[in-house]
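Notes for the one structure printed next.
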Amino acid sequence: MLFMSMNDGVKTAVRTVNLFEAFSQRKGSMTLTQIAESLSAPISSCHGLVRTLSAKGYLYTSERTRAIYPTKRLLEIANTIAAHDPVLESIVPVLEVLRDDTNETVLLGRRQGETIMYLDVIEGGQTLRYSAGAGDIKPMHSSAIGKAFLGRLDDGERAALVARLPLDQRTPATITERETLRADLADGIALGYFVTRGENVVDVMGMAATADVYGETMGIAIAGPLSRMEAGEKELGAKLLATCKKLDSFGGVL
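So the sequence shown is residues 656 to 909, counted in my numbering.
Below, the structure is given as structure tokens:
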């Protein structure tokens, strides 16, 4: 089992994160037994975790049903952290302008090893739109931001990374042949932005480019329904590149 190789501190940290994710997925309270089932952990271990988090003000228990649910303490702490992220404070207003200009969802992402993590998601205003969450992890080969990070590497680095990436099939449209991916990246380099057409999520198109912001490389993407995005691709691409150019102008270290 994975947990057997972890020290107790790491195991507890993983269980704590998994607990809050379980509440998010369930969208309701849970008994101690249900928590143990969700975490695939002994009731005794879950009891200790719940007791500790309750003492710190993160969970409360109904006296009548003994059901357990998070308080708003975690939300308040998360909001405070997010509100004082110095990079996001500068970047998000620019991305909000891009969202307003395109009326499509705008995403900010960073490379994490051989994957992409979304740092922020600014959803478009249309009823039919692409939705994702900050912290979501995406593959490099099937996400627009991932392709943008691949495209900015020099030829040797890109060839080596493409050669070792697992090209897992996410949808019927996912590129799973390395030669096809190399050709697709070459097209993106020529355009200045990189595109996915239903490769990560069915019927969703993404287009992305990178910007160097305060010494950090960031991926910026626009995503929405495939048919609508394709119809406006040229205009959307121009707005995306203009936004990246503006972010590039922010200069060196914050």
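Quick reminder that beta carbons are idealized off the backbone N, C-alpha and C, glycines included.
How would you label N734, buried or exposed, when you count the other beta carbons within 10 angstroms and need 16 or more for buried? Here N734 is exposed: its Cβ has fewer than 16 other Cβ atoms, across all protein chains shown, within 10 Å.
Among R670, T826 and M862, whose alpha-carbon lies nearest the alpha-carbon of D839? M862
Reference N855, options L846, E812 and S798, closest by Cα: S798
Which one of Y869, L846 and E778 has the shortest CA to CA distance from Y879? Contrary to the premise, residue 879 reads as Gly rather than Tyr in this sequence. Nearest C-alpha to G879: E778.
Roughly how many angstroms separate the alpha carbons of L729 and D663, rounded to a whole number? 23 Å
Could you tell me if E652 is buried or exposed, where buried requires 16 or more neighbouring beta carbons within 10 angstroms of its beta carbon? There is no way to answer for residue 652, as the model of the chain reaches only from 656 to 909.
For T757, which of F905, G703 and R784 has the nearest alpha-carbon? Ranked by Cα distance from T757, the first of F905, G703 and R784 is R784.
If contacts are defined as beta-carbon pairs under 8 Å, then G764 and L753 qualify, I think. What distance do you get, rounded to the angstrom? Not really, about 14 Å apart at Cβ, beyond 8 Å.
Residues bridged to Q767 by DSSP? DSSP lists T770 as partners of Q767.
Let's test the definition: count the other Cβ atoms within 10 Å of the Cβ of I830 and tell me whether it reaches 16, buried, or not, exposed. buried
According to DSSP, what are the bridge partners of I877? Looking at the DSSP output, I877 shares a beta bridge with V761 and M862.
Same chain, Cβ closer than 6 Å to D903, neighbours up to 5 away in sequence not counted: A866 and D867
Closer than 8 Å is the cut-off here; do at least three beta carbon pairs connect the region 711-727 with the region 682-701? yes
Which runs of the alpha helix (DSSP H), 4 residues or longer, sit entirely within the region 707-765? 728-738 and 741-757
Identify which residue in V742, L891, G887 and T782 has its Cα closest to the Cα of T872. V742
Counting along the chain, where does the alpha helix (DSSP H) carrying K901 start and finish? E888 to D903
Out of T782, G788 and G780, state which residue places its alpha-carbon closest to the alpha-carbon of M772. Of the candidates T782, G788 and G780, the residue whose Cα lies closest to the Cα of M772 is G788.
So is S660 buried or exposed if we call it buried at 16+ other beta carbons inside 10 Å? Bear in mind that a pLDDT of 48 at S660, under 50, signals an unreliable position, so the model cannot answer this.
What residue does the beta strand (DSSP E) around T851 start on, and which one ends it? F849 to R852
Simplified DSSP assignment, three categories, for K793: strand
Of the listed residues R852, D740, A886 and K793, nearest to G768 (C-alpha basis): K793
Taking C-beta to C-beta, are L808 and L820 nearer than 8 Å? no
Mind checking who D867 pairs with in its DSSP beta bridge? T872
With a threshold of 7 Å on Cβ separation, who are the neighbours of P963 within its own chain once the five nearest residues in sequence on each side are excluded? Outside the modelled stretch of the chain, which goes from 656 to 909, sits residue 963, for which no answer is possible.
My guess is that Y848 and L896 are in contact by the Cβ rule of under 8 Å, so how many angstroms apart are they, rounded? 6 Å
Using 10 angstroms around the beta-carbon of L657, count the other beta-carbons present and answer buried if the total reaches 16, otherwise exposed. Since pLDDT at L657 reaches only 43, below the 50 mark, its modelled position is unreliable, and the value read off the structure follows with that caveat. L657 should be labelled exposed.
With 16 other Cβ atoms within 10 Å as the buried cut-off, status of I732: exposed
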